[in-house]
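Participant: Numbering (the working numbering), first residue to last: 10 to 80.
This structure is in structure tokens; I'll ask about it shortly.
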Amino acid sequence: MSYTIGFQAKDQNAILATEAATANQAIAIVAALRQSADEIKFIRSPQEGEMGIEMLLLLAKEEAEEMPQRA
């Protein structure tokens, strides 16, 4: 499932967006944006629509459980 993260840099008026292929990648992007003081404006996926960070964390957990464990 793909995710789009919209954000606004602290020194810009425009809202920018970036894509992530997995929920775990989206969480990493959100964490990086938070560290740089950018404001998260939206998180969206074609399947889930608009969501909050809590929902993204839940989806990442489900995604990790579905992936085969490597020995």
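Even for Gly, the Cβ is constructed at its ideal location relative to N, Cα and C.
Quantities reported herein were computed from a predicted structural model and do not represent experimental measurements.
(1) Are there 16 or more other CB atoms within 10 angstroms of the CB of Glu75, so buried, or fewer, so exposed?
(2) Helix, strand or coil for Ala23 per DSSP?
(3) So which of Glu71, Ile24, Leu68 has the shortest CA-CA distance to Phe51?
(4) Opposite Gly15 in the DSSP bridges: which residues?
(5) Does the distance from the C-beta atom of Met10 to that of Ala32 stay below 9 Å?
(6) The beta strand (DSSP E) with Glu59 in it runs from where to where?
Facilitator: If we stick to the structure as given:
(1) By one-based count along the sequence shown, residue 75 stands at place 66. Glu75 should be labelled exposed.
(2) As a working mapping, residue 23 is identified with position 14 in the sequence shown. Reduced to three states, the DSSP call for Ala23 is coil.
(3) As a working note, residue 51 is residue 42 in the sequence shown. Checked all of Glu71, Ile24, Leu68; the closest Cα to Phe51 is Ile24.
(4) For the purposes of this step, residue 15 is identified with residue 6 of the sequence shown, where counting begins at 1. Beta-bridge pairing links Gly15 to Ala26, Phe51.
(5) Counting from 1 along the sequence shown, the entry for residue 10 is found at position 1. Counting from 1 along the sequence shown, the entry for residue 32 is found at position 23. In contact: Met10 and Ala32 (Cβ atoms closer than 9 Å).
(6) The count along the sequence shown starts at 1 and reaches residue 59 at position 50. Taken as a continuous stretch (DSSP letters only), the beta strand (DSSP E) holding Glu59 covers 58-60.
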